[in-house]
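Enquirer: Numbering (our numbering), first residue to last: 2 to 86. Ideal placement from N, C-alpha and C gives every residue a C-beta, glycine not left out.
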Amino acid sequence: MHDDLIDHLTRSTPLQRGEALRVVQDVLAYFDETTEEFVRRRHRELQSQGLVNAVIFEQISTDLRYRTVAPPELSLRQLRRIVYG
């Protein structure tokens, strides 16, 4: 999967094919996170830094404005409706 991207990374960086594959998989996993997963993870991260909830939720709200998150899972019917209306 994503062989063209992996090929590009091996040509344009010092990464070997296996390393490039792991990088691509890591990036895809990062952006595959749902909104709910992101909020929970980010809350844990900020809480571990000693921040209080008022500050944490304000930061998460700001972060979400710039975050690409996974789209909701769509049924086949929903996909058809997107295409055919």
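1. What residue from Ile61, Tyr67, Val84 has the CA that sits closest to Leu75's CA?
2. Assign Arg45 to one of three DSSP states: helix, strand, or coil.
3. I'd like the list of long-range same chain contacts for Arg18, defined as Cβ closer than 6 Å, with 5 residues on each side in sequence excluded.
4. Could you give the first and the last residue of the continuous alpha helix (DSSP H) run that contains Gly86?
5. What is the rounded straight-line gap between the Cα of Val56 and the Cα of Phe39?
6. Considering His9, what are the terminal residues of the alpha helix (DSSP H) in which it resides?
7. Mapping the DSSP letters down to three states, classify Tyr67 as helix, strand or coil.
8. Under 8 Å: do the segment 19-29 and the segment 46-56 share three or more Cβ pairs, one atom per stretch?
9. Measuring only the C-alpha atoms, how far is Gly86 from Leu80?
Expert: In brief:
1. Val84
2. In the three-state reduction of the DSSP assignment, Arg45 falls in the helix class, which pools H, G and I.
3. Thr11
4. Here Gly86 belongs to no alpha helix (DSSP H), and DSSP marks it neither H nor E.
5. 16 Å
6. 4-13
7. Three-state DSSP puts Tyr67 in coil, outside helix and strand.
8. no
9. 9 Å
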